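Under numbering that gives the first Met the number 0, read the sequence shown as residues 0 to 113, first letter to last. Virtual Cβ for every residue (Gly too), placed ideally from N, Cα, C. In this text the structure is predicted, and so the values were computed from the model without any measurement.
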Amino acid sequence: MRLVRNEKPLPAPLLEDFPVCPPPTPILPTPGESSLNEAFAALRKIIPTLPSDKLSKIQTLKLAARYIDFLYQVLQSDEMDNKMTSCSYVAHERLSYAFSVWRMEGAWSMSASH
């Protein structure tokens, strides 16, 4: 940079000279996404899961389908007595346990076949 006589060098730009960008706004779910997320949360509460399960949406849907199949098989088997078909807490716990065992048996048989 060459200085011409009687010309002063330009001062260095100050921080105030730069535009201030606003902070990024958080991306909020749309009303449709929000209700969909609520539906998945409700479904996750209904399906018996293992403590280690952290299910994605697709995993939740697949597990729900397996749980429906399991419940259908329970109803078809006629092995359960009338006490088991009542909507009591104990019946729900027994079904949850039976589903967890059934699920693990399926996982073991799938890993053994691969």
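TODO: Label residue 49 either buried or exposed according to how many other C-beta atoms from any shown protein chain fall within 10 Å of its C-beta, with 16 as the threshold for buried.
DONE: exposed
- [ ] With DSSP as the reference, label residue 92 as helix, strand or coil.
- [x] helix
- [ ] Mark residue 104 as exposed unless 16 or more other C-beta atoms lie within 10 angstroms of its C-beta, in which case mark it buried.
- [x] exposed
Task: Delimiting residues of the alpha helix (DSSP H) encompassing residue 68 - done: 56-76
Task: Contacting residues, own chain, Cβ-Cβ under 6 Å from residue 82 (five flanking each side not counted) - done: Confidence is the limiting factor: at residue 82 the pLDDT is only 49, short of 50, which leaves the residue's position unreliable, though a coordinate-based value still follows. Taken in chain order, the list of residues that qualify is empty.
Open item on the list: Counting C-beta neighbours from all protein chains within 10 Å, is the total for residue 62 16 or more, i.e. buried, or is it exposed?
Closed with: buried
Task: Cutoff 7 Å; reference residue 43; Cβ partners in own chain excluding five residues on either side - done: 54, 59
Open item on the list: Let's test the definition: count the other Cβ atoms within 10 Å of the Cβ of residue 96 and tell me whether it reaches 16, buried, or not, exposed.
Closed with: exposed
Open item on the list: Whole angstroms are fine: how far does the CA of residue 34 sit from the CA of residue 40?
Closed with: 10 Å
Task: Start-to-end residues for the alpha helix (DSSP H) that takes in residue 40 - done: 30-45
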